[in-house]
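Q:
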Amino acid sequence: MSVPFYDENLYILNMKNDAEAKGAQISFILERLNATNADSIPPSSVLKQLALAIDSGRKCKSMKDLLASTGGSSPIRERTSLSLVKSLVIRDKEGKFTSELGDDEKVFLLLHSLFDSEGNFLRRNVDSSLESLCLHRDIRAAPPKSFLVKLSEVIGSFKSLQKMALLWRKIVEELRRLWSEELYIPGIPLDEIPDLNCCLLYQQFEVINCCLSRKRRRILTTESLELVLSEESDLSKDVVTSRGISYAKVGTGELILRLGADCPAGNLTMLETGEPVYAPITQEGPLLTEDLIKETEELVLRTGSVGAGCSQLLSDMQAFKAANPGCILEDFVRWHSPPDWTGNEPGDESIEYPNGCHSSSARGQLSSRMLKEGNLWRELWETSKPVPAVKQAPLYDEDLAV
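1 is the number of the first residue of the sequence shown in UniProt numbering; add one for each residue after it.
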């Protein structure tokens with residue numbers, strides 16, 4: 001009768017040999033990718049391997065499932081007769097002598113090349129006439145010179161789905177590091193909303209970079225506001241005004257500091273005070289990829305909820321009030337929704353408003369929907385307070401989004 005035999009030293013030797021083989025494989029891949037001709041196209045084997053990975057990925061709910069389905073059974077898992085302590089000792093030795101992908105140094109070099117901010121790795125010459133055809137948009141892919149295209153070629157160069165999955169895990173770790181250190185993903189636009197004509201993964205990379213840009217912009221805006229408040233409290237209003245800090249005169253004749261004002265809104269002036277209307281710095285809207293847009297549409301259809309729209313409108317009103325002391329709802333409507341304001345012709349008489357409300361100026365009137373009883377805009381305006389955008393609760397949390 002045959003008896004199962006296990007030699008620990010033989011097992012460790014096999015692990016060493018396997019690690020050397022993996023190291024040689026990743027070295028070959030790294031050398032081949034670094035030697036890529038700029039005028040060539042990725043080999044068909046890469047596309048075939050990516051297609052196999054996509055097909056296998058559809059059958060798995062997570063990367064753990066994919067690794068479990070593609071990886072061989074663990075020697076430790078098979079050795080049920082071994083004691084728990086001995087299994088733990090062997091697992092420790094296994095971790096020391098093997099690397100899941102191969103030579104750790106080679107893996108590091110591969111990742112370093114892929115995330116090179118100069119973009120020299122896998123650089124290919126793309127005919128400008130081909131770029132103008134926007135083929136990647138027609139097939140909902142990624143731009144030919146983007147980080148995602150290079151990433152796809154690197155992952156597709158591995159011959160097993162398990163190694164492809166393991167490399168993707170390393171990529172995710174590197175993406176997390178970039179985010180924590182507030183560094184951009186190379187080869188991805190820095191501050192653009194997701195391009196819905198490209199693939200979903202490319203859209204998600206765009207969201208990451210755009211969120212970083214927004215976080216940096218918010219920091220600068222906050223510092224600028226704090227500087228204005230500091231100078232305003234330390235200096236007299238005459239000196240502060242001469243240094244470019246803007247005030248608005250309200251109906252009582254008092255000068256009130258504008259907070260969060262961006263720039264004059266054309267030739268608009270406030271109806272009650274005659275002061276220039278300034279466009280405020282507002283909170284930026286959510287960054288929605290195609291899957292989130294679909295979820296939002298389904299939520300609205302299912303519940304009839306318009307909460308997100310109300311939150312944005314209330315935020316804009318508060319920012320407008322902070323930038324334009326002494327303003328009224330009509331001023332906000334003229335800036336935010338011009339079609340809801342009709343200017344009076346010369347000689348028109350002042351128009352009466354329902355519920356005893358009258359226009360403060362004979363220069364125009366609100367639209368009929370704005371004048372209806374219980375209008376949402378008027379209700380929100382009455383509850384809103386003058387708060388600049390950077391001091392408001394964020395409508396879109398970049399950290400939660402990523």
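For every residue, glycine included, the Cβ atom is placed at its ideal position computed from N, Cα and C.
Jot down the residue ranges of each uninterrupted beta strand (DSSP E) in the UniProt domain "Rab3GAP catalytic subunit conserved" (258-399), minimum 3 residues, whole runs only, in chain order.
A: Runs found: 261-269, 276-280, 341-343 and 364-366.
Q: Taking the alpha-carbon positions, what's the Ser180 to Arg214 distance?
A: Residue numbering aside, residue 180 sits at position 180 when the sequence shown is read from its first letter. Residue numbering aside, residue 214 sits at position 214 when the sequence shown is read from its first letter. Those two C-alpha atoms are separated by around 15 Å.
Q: Based on the DSSP output, what are the partners of Tyr247 in its beta bridges?
A: As a first step, residue 247 must be located in the sequence shown, where it is residue number 247. Leu257.
Q: Using the rule of at least 16 other Cβ atoms within 10 Å of the residue's Cβ for burial, across every protein chain shown, is Cys327 buried or exposed?
A: The residue given as residue 327 occupies position 327 in the sequence shown. Under this definition Cys327 is a buried residue.
Q: Cys211 by DSSP, collapsed to three states: which one?
A: Stepping through the sequence shown from its first residue, residue 211 is reached at position 211. The answer is helix: DSSP assigns Cys211 an H, G or I state.
Q: Go to Gly57, then tell me how far its alpha helix (DSSP H) extends in each direction, as first and last residue.
A: Here residue 57 corresponds to residue number 57 of the sequence shown, with the count starting at 1. Unbroken alpha helix (DSSP H) run through Gly57: Ser44 to Gly57.
Q: Are the CB atoms of Leu151 and Glu290 within a distance shorter than 8 Å?
A: Position 290 of the sequence shown, counting from 1, holds the residue named residue 290. Position 151 of the sequence shown, counting from 1, holds the residue named residue 151. No, these two residues do not count as a Cβ contact at 8 Å.
Q: Buried or exposed: which applies to Val390, given that a residue is buried once 16 or more other Cβ atoms fall within 10 Å of its Cβ?
A: If you number the sequence shown from 1, residue 390 lands on position 390. Buried.
Q: Can you tell me the Cβ-Cβ gap for Gly266 and Ala322, rounded? I've got them flagged as a contact below 8 Å.
A: What you label residue 266 is simply residue 266 of the sequence shown in a count that begins at 1. What you label residue 322 is simply residue 322 of the sequence shown in a count that begins at 1. At roughly 19 Å, the Cβ-Cβ gap does not stay under 8 Å, so Gly266 and Ala322 are not in contact.
Q: Leaving out the 5 sequence neighbours to the left and right, which residues in its chain are closer than 7 Å to Gln312 when beta-carbon positions are compared?
A: Counting from 1 along the sequence shown, the entry for residue 312 is found at position 312. The residues are Gly285 and Leu395.
Q: Shortest alpha-carbon distance to Lys163 belongs to which of Ile245, Leu175, Leu183 and Leu66?
A: Looking up residue 163 in the sequence shown gives position 163. Checked all of Ile245, Leu175, Leu183 and Leu66; the closest Cα to Lys163 is Leu66.
Q: Taking the alpha helix (DSSP H) that Ile155 falls in, what are its first and last residues?
A: Position 155 of the sequence shown, counted from the start, is the residue given in the question as residue 155. Phe147 to Gly156 is the span of the alpha helix (DSSP H), which, as asked, contains Ile155.
Q: Would you identify the three-state DSSP class for Ala401, choosing helix, strand or coil?
A: On the sequence shown, position 401 is the one that residue 401 refers to. DSSP places Ala401 in helix when its eight states are reduced to three.
Q: Kindly list the residues whose CB is nearer than 7 Å to the CB of Phe115, restricted to its own chain and excluding five residues on each side of it in sequence; keep chain order.
A: Numbered from its first residue, the sequence shown carries residue 115 at position 115. Answer for Phe115: Glu174 and Pro186, listed in chain order.
Q: What does the alpha-carbon distance come out to for the pair Pro194 and Gln204?
A: For this step, residue 194 is matched to residue 194 along the sequence shown. For this step, residue 204 is matched to residue 204 along the sequence shown. Each residue's alpha carbon lies about 7 Å from the other.
Q: The alpha helix (DSSP H) spanning Ser180 covers which residue range?
A: Residue numbering aside, residue 180 sits at position 180 when the sequence shown is read from its first letter. Start and end: Leu161 to Ser180.
Q: Can you have a look at Leu400 and say buried or exposed, based on whether 16 or more other CB atoms are within 10 angstroms of its CB?
A: Position 400 of the sequence shown, counted from the first residue, corresponds to residue 400. Classification for Leu400: exposed.
Q: Below 8 Å between beta carbons: does that hold for Ala142 and Cys198?
A: Looking up residue 142 in the sequence shown gives position 142. Looking up residue 198 in the sequence shown gives position 198. Contact flag set, yes.
Q: Quick check on this structure: which residue in Glu398, Leu271 and Asp55 has the alpha carbon closest to the alpha carbon of Gln283?
A: As a working mapping, residue 283 is identified with position 283 in the sequence shown. Considering only alpha carbons, the answer is Glu398.
Q: When you compare each of Met370, Glu298 and Glu153 to Lys48 by their alpha carbons, which one comes out closest?
A: Start at 1 with the first residue of the sequence shown, and residue 48 comes out as number 48. Ranking the options by Cα distance to Lys48, first place goes to Glu153.
Q: What do you get for Ala165, buried or exposed, if any count of 16 or more other CB atoms within 10 angstroms of its CB means buried?
A: Position 165 of the sequence shown holds residue 165. So Ala165 ends up on the buried side.
Q: Can you give the Cα-Cα distance for Ala393 and Ser315, rounded to whole angstroms?
A: As a working note, residue 393 is residue 393 in the sequence shown. As a working note, residue 315 is residue 315 in the sequence shown. Those two C-alpha atoms are separated by around 9 Å.
Q: If Asp340 and Leu271 are in contact, beta carbons under 8 Å, what's the gap, nearest whole angstrom?
A: Here residue 340 refers to the residue found at position 340 when the sequence shown is read from its first residue. Here residue 271 refers to the residue found at position 271 when the sequence shown is read from its first residue. Wrong, their Cβ atoms sit about 14 Å apart, outside the cutoff.
Q: Cβ atoms of Leu167 and Ser56: under 8 Å apart, would you say?
A: Numbered from its first residue, the sequence shown carries residue 56 at position 56. Numbered from its first residue, the sequence shown carries residue 167 at position 167. Taking 8 Å as the Cβ cut-off, Ser56 and Leu167 do not qualify as a contacting pair.
Q: Among Leu301, Leu292, Glu254 and Ser246, which has the Cα closest to the Cα of Tyr278?
A: Your numbering for residue 278 matches position 278 in the sequence shown. Closest option to Tyr278, Cα to Cα, is Ser246.
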